[in-house]
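Novice:
There are 2 protein chains.
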Amino acid sequence: MPGTLINTIKSIGGFSDTDIDFFLSKLEEFTIIKGDQFLQEGQICRYLGYIESGLLMYYRTYDGIEIPTDFGIENDWASHLNSFTNKTPSDLNIKALENTRLLKLSAENFEKIYSVQPKFILLKDYYTERSFVSHTRHTADLAMLNAKQRYYKFMQERPDLVNRIPQYYIAAYLGIKPQSLSRLRK
Amino acid sequence: MPGTLINTIKSIGGFSDTDIDFFLSKLEEFTIIKGDQFLQEGQICRYLGYIESGLLMYYRTYDGIEIPTDFGIENDWASHLNSFTNKTPSDLNIKALENTRLLKLSAENFEKIYSVQPKFILLKDYYTERSFVSHTRHTADLAMLNAKQRYYKFMQERPDLVNRIPQYYIAAYLGIKPQSLSRLRK
DNA sequence: TCGCTTTCTTAACAAATGTGAACGAAATTG
DNA sequence: CAATTTCGTTCACATTTGTTAAGAAAGCGA
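Each protein sequence line maps, in turn, to chains A and B. Mind the numbering: the first sequence is residues 1 to 186 in this note's numbering, read in order. Mind the numbering: the second sequence is residues 1001 to 1186 in this note's numbering, read in order.
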């Protein structure tokens, strides 16, 4: 039921119904089981995904420790665009924190869609911008705020996520230890 | 003397001498005085720059406080590509910490170059990738390491920058107070 | 150059955060 | 369902980082 996706696409650029139908025809439905990877470090990201339901976590590993850098939920795009576009090995991981239903578009199909209607490049621009902005915000938060402020801000800005992500991942995302987060929650 | 620039371009993709000459003909020399802005929040980034000499700081403002998120030096590209490509208002600032000589390419000239040789899009891909990677690394460092580790890592990875950037900007970049950085330096 | 402003350092103390360990709750597995 | 593992909480204590204030050093402009 890609109703929301259609609205998202329409809001990005003026696409005709024919364009949208062609775009939709290239999507594949796909489910990731909780705990499985959508993208693994070192691999090339072959898909641009659209999350219908579920929850994904973007993270880097650091001596084996997982440091989340972003999360994706319903109606978000999901990909690593540099790797997707340039076919370079990914430097980050994406995995499912819940069973996640995706509509995915392969790089080859993206090329086909793009050759028919170049305006679909706007999808990538839109996605890049959103992820870049949210990313630099988070970086500045880490540099600027103390642990309590970071946690309050996270609760205010992402109330939808607080109860869906394990505490230890929230703690790692906020750059604090799980015990300290537990203390803050009192 | 854009010798290094030419090598950089050649290493990115197989460009002919004609391509490169056309590219070079569209560049404008430009100097930013220490303290002046290359890009201001809210404005549209109209140029892709190549730093010949000098030092630029990318930063966000936070209740008037400047939080650096990245630095650019000799032979780095300088731009805010989302803003440059999509003509959207920038959410960050770029200013010169030293007098800085740039070769800059306007968005209009980039279009012309692209229409003659589409492979020049690789320049942007290359730049995007580098900045995204360095950015996520820094974010993970902020979340994962303590102040001392962050400072040591910065010294090891960017010895060329340590003595060119004011301490209080380094401190802000690393997410600590200037006094604490001073303490670490002993 | 002199005087002024900004930046850097130092110190004592306060506050925040990390550490290690223990325990119960919750989730997972077979 | 029971057994096992993982996760969240709490505590006491150690360590790190922030705060405030003051003076030294460096940079800047007249």
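Where is the CB? At the ideal position from N, CA and C, for every residue including glycine. Fair warning: this is a prediction, and the values are worked out from it, not measured in the lab.
Checking 8 angstroms against the spacing of the C-beta atoms, do N93 of chain A and E41 of chain A come in under that value?
Specialist: Walking along the first sequence from the start, residue 93 of chain A turns up at place 93. Walking along the first sequence from the start, residue 41 of chain A turns up at place 41. Yes; because the gap between Cβ atoms is below 8 angstroms, this pair is in contact.
Novice: Closest to D63 of chain A by C-alpha separation, out of B:Y1169, B:A1140, B:G1035 and B:Q1156, would be which residue?
Specialist: If you number the first sequence from 1, residue 63 of chain A lands on position 63. Nearest option by C-alpha distance: B:A1140.
Novice: Inspect the beta-carbon positions of G1175 of chain B and A143 of chain A and report whether they are closer than 8 angstroms.
Specialist: Within the second sequence, residue 1175 of chain B is the residue found at index 175, counting from 1. Within the first sequence, residue 143 of chain A is the residue found at index 143, counting from 1. Result yes, Cβ atoms of G1175 of chain B and A143 of chain A sit closer than 8 angstroms.
Novice: Taking P1178 of chain B as the reference, which of B:Y1151, B:L1161, B:D1160 and B:R1158 has the closest Cα?
Specialist: Position 178 of the second sequence, counted from the first residue, corresponds to residue 1178 of chain B. The option with the nearest alpha carbon to P1178 of chain B is B:Y1151.
Novice: When burial is assigned at 16 or more other CB atoms within 10 Å of the CB, is T136 of chain A buried or exposed?
Specialist: Reading the first sequence from its first residue, position 136 is the one you call residue 136 of chain A. That one is buried.
Novice: Against R1060 of chain B, what residues of chain A qualify as contacts under a CB-to-CB distance less than 7 angstroms, listed in chain order?
Specialist: Numbered from its first residue, the second sequence carries residue 1060 of chain B at position 60. Per Cβ cutoff of 7 angstroms: T136 and A140.
Novice: Using 8 angstroms as the cut-off, can you tell me whether the segment 55–71 of chain A makes contact with the segment 95–115 of chain A, which would need three or more C-beta pairs spanning the two stretches below that distance?
Specialist: The segment 55–71 of chain A is in contact with the segment 95–115 of chain A.
Novice: As a quick exercise: from A:K26, A:T4 and A:G3, pick the residue whose alpha carbon is nearest that of F120 of chain A.
Specialist: In the first sequence, residue 120 of chain A corresponds to position 120, counting from 1. Here the closest residue by C-alpha is A:K26.
Novice: What would DSSP say about E1074 of chain B, mapped onto helix, strand or coil?
Specialist: Walking along the second sequence from the start, residue 1074 of chain B turns up at place 74. E1074 of chain B falls in the coil class under three-state DSSP.
Novice: Cα separation between S180 of chain A and A171 of chain A?
Specialist: In the first sequence, the residue the question calls residue 180 of chain A occupies position 180. In the first sequence, the residue the question calls residue 171 of chain A occupies position 171. Each residue's alpha carbon lies about 8 angstroms from the other.
Novice: Report whether the distance from the Cβ of R1185 of chain B to the nearest heavy atom of the ligand SAH is below 7 angstroms.
Specialist: The ligand SAH is absent from the structure shown, which contains no ligand whatsoever.
Novice: Can you confirm whether A78 of chain A, when its beta carbon is compared against all beta carbons of chain B, has any partner nearer than 8 angstroms?
Specialist: The count along the first sequence starts at 1 and reaches residue 78 of chain A at position 78. It does not: the Cβ of A78 of chain A has no partner Cβ on chain B nearer than 8 angstroms.
Novice: For a test of the three-state rule: what should DSSP assign to S16 of chain A, helix, strand or coil?
Specialist: As a first step, residue 16 of chain A must be located in the first sequence, where it is residue number 16. DSSP places S16 of chain A in coil when its eight states are reduced to three.
Novice: What residues are listed by DSSP as bridge partners for Y1127 of chain B?
Specialist: Here the question's residue 1127 of chain B lines up with position 127 in the second sequence. BP columns for Y1127 of chain B are empty, so no partner.
Novice: Could you compute how far the alpha carbon of Y168 of chain A sits from the alpha carbon of L56 of chain A?
Specialist: Residue mapping note: residue 168 of chain A aligns to position 168 of the first sequence, counting from 1. Residue mapping note: residue 56 of chain A aligns to position 56 of the first sequence, counting from 1. For Y168 of chain A and L56 of chain A, the distance between alpha carbons rounds to 15 angstroms.
Novice: Please confirm if N86 of chain A has its CB atom under 8 angstroms from at least one CB of chain B.
Specialist: The residue given as residue 86 of chain A occupies position 86 in the first sequence. So yes, N86 of chain A belongs to the interface.
Novice: In chain order, which continuous runs of the beta strand (DSSP E) of length 3 or greater are located wholly inside the segment 1096–1167 of chain B?
Specialist: Taking only runs of at least 3 residues, the beta strand (DSSP E) segments lying wholly in the segment 1096–1167 of chain B are 1100–1106.
Novice: I1170 of chain B by DSSP, collapsed to three states: which one?
Specialist: Position 170 of the second sequence, counted from the first residue, corresponds to residue 1170 of chain B. Helix, per DSSP.
Novice: Please classify S79 of chain A as buried or exposed, where buried requires at least 16 other C-beta atoms within 10 Å of its C-beta.
Specialist: Here the question's residue 79 of chain A lines up with position 79 in the first sequence. When all chains shown are included, S79 of chain A counts as buried.
Novice: Relative to chain B, which residues along the segment 104–135 of chain A have a C-beta separation below 7 angstroms, given in chain order?
Specialist: Flagged, chain order: D125, T128, E129, F132, V133 and H135.
Novice: With 8 angstroms set as the bound, which would you pick, yes or no: does the beta-carbon of M155 of chain A sit closer than that to a beta-carbon of chain B?
Specialist: What you label residue 155 of chain A is simply residue 155 of the first sequence in a count that begins at 1. Taking Cβ atoms only, chain B never reaches closer than 8 angstroms to M155 of chain A, which makes this a no.
Novice: What are the boundary residues of the alpha helix (DSSP H) that includes S1090 of chain B?
Specialist: Counted from its first residue, the second sequence places residue 1090 of chain B at position 90. That residue, S1090 of chain B, is in no alpha helix (DSSP H); it is neither H nor E in DSSP.
Novice: Measure the beta-carbon distance from Y199 of chain A to I12 of chain A and round it to whole angstroms, keeping in mind my assumption that it falls under 8 angstroms.
Specialist: Nothing in the structure corresponds to residue 199 of chain A, since chain A is present only between 1 and 186.
Novice: Classify S1079 of chain B as helix, strand or coil using the three-state DSSP reduction.
Specialist: Locating residue 1079 of chain B in the second sequence gives position 79, counting from the first residue. It is coil, neither helix nor strand.
Novice: Nearest CA to the CA of S115 of chain A: which residue from A:Q43, A:I9 and A:F23?
Specialist: Looking up residue 115 of chain A in the first sequence gives position 115. Out of A:Q43, A:I9 and A:F23, A:F23 has the C-alpha closest to the C-alpha of S115 of chain A.
Novice: Where do the ends of the beta strand (DSSP E) carrying L1056 of chain B lie?
Specialist: Within the second sequence, residue 1056 of chain B is the residue found at index 56, counting from 1. Where L1056 of chain B is concerned, the enclosing beta strand (DSSP E) stretches over L1055 to Y1062.
Novice: Contact criterion: CB-CB distance below 8 angstroms. Does I73 of chain A meet it with respect to chain B?
Specialist: Position 73 of the first sequence, counted from the start, is the residue given in the question as residue 73 of chain A. Chain B contact via Cβ: absent.
Novice: Roughly how many angstroms separate the alpha carbons of I1044 of chain B and D19 of chain A, rounded to a whole number?
Specialist: The sequence position of residue 1044 of chain B within the second sequence is 44, counting from 1. The sequence position of residue 19 of chain A within the first sequence is 19, counting from 1. Each residue's alpha carbon lies about 30 angstroms from the other.
Novice: Can you list, in chain order, the residues of its chain with a C-beta nearer than 8 angstroms to that of S182 of chain A? Leave out the 5 residues immediately preceding and following it.
Specialist: What you label residue 182 of chain A is simply residue 182 of the first sequence in a count that begins at 1. Closer than 8 angstroms at the Cβ level, and outside the excluded window around S182 of chain A, lie Q167.
Novice: Less than 8 angstroms separating the beta-carbons of E52 of chain A and L123 of chain A?
Specialist: Here residue 52 of chain A corresponds to residue number 52 of the first sequence, with the count starting at 1. Here residue 123 of chain A corresponds to residue number 123 of the first sequence, with the count starting at 1. No, the Cβ-Cβ distance between E52 of chain A and L123 of chain A is not below 8 angstroms.
Novice: Kindly identify the DSSP beta-bridge partner or partners of T1031 of chain B.
Specialist: Residue mapping note: residue 1031 of chain B aligns to position 31 of the second sequence, counting from 1. The partner list for T1031 of chain B (beta bridge, DSSP) reads B:R1101.
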